[in-house]
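*Asks:*
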Amino acid sequence: MKQVFVDTSTWGALADKADKDHASALQCRDEIVGECKLVTSNYILDELYTLLLMNVGFQPTINYKEKL
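Numbering (my numbering), first residue to last: 62 to 129.
(1) So, using beta-carbon positions, are Glu92 and Lys63 closer together than 8 Å?
(2) Give me the DSSP bridge partner(s) of Phe66.
(3) If you compare alpha carbons, which of Lys128, Ala76, Val65, Asp68 is closest to Val117?
(4) Under 8 Å by Cβ, that's how I've got Val67 and Thr101 pegged, so tell me the actual separation to the nearest angstrom.
(5) Return the bridge partner residues of Val94 from the DSSP annotation.
Structure (structure tokens):
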């Protein structure tokens, strides 16, 4: 199975409905799901949680973290 590295901006766009790239990130994810394994790093997740805390707040960030 192919692997796709997912960076902070993509995770952020997937998590934040107000992000300008939210729709395109969802479309991209839907196109590759089942065909590719999504991979990332702890550094990216740390950056993502900081980004989400600033943009959507504490509880939505915790909810998203638990879904991952």
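Every residue gets a Cβ at the ideal spot worked out from N, C-alpha and C, and that includes glycine. As the structure is a computational prediction, the values presented were derived from the model and not from experiment.
*Replies:* Let's see:
(1) The residue given as residue 92 occupies position 31 in the sequence shown. The residue given as residue 63 occupies position 2 in the sequence shown. No, they are not a contact pair.
(2) Position 5 of the sequence shown, counted from the first residue, corresponds to residue 66. BP columns for Phe66 point to Val100.
(3) Locating residue 117 in the sequence shown gives position 56, where the first residue counts as 1. Closest by alpha carbon: Ala76.
(4) Position 6 of the sequence shown holds residue 67. Position 40 of the sequence shown holds residue 101. Their Cβ separation, rounded to whole angstroms, is 5 Å, which keeps Val67 and Thr101 in contact under 8 Å.
(5) Counting from 1 along the sequence shown, the entry for residue 94 is found at position 33. Per DSSP, the beta-bridge partners of Val94 are Cys97.
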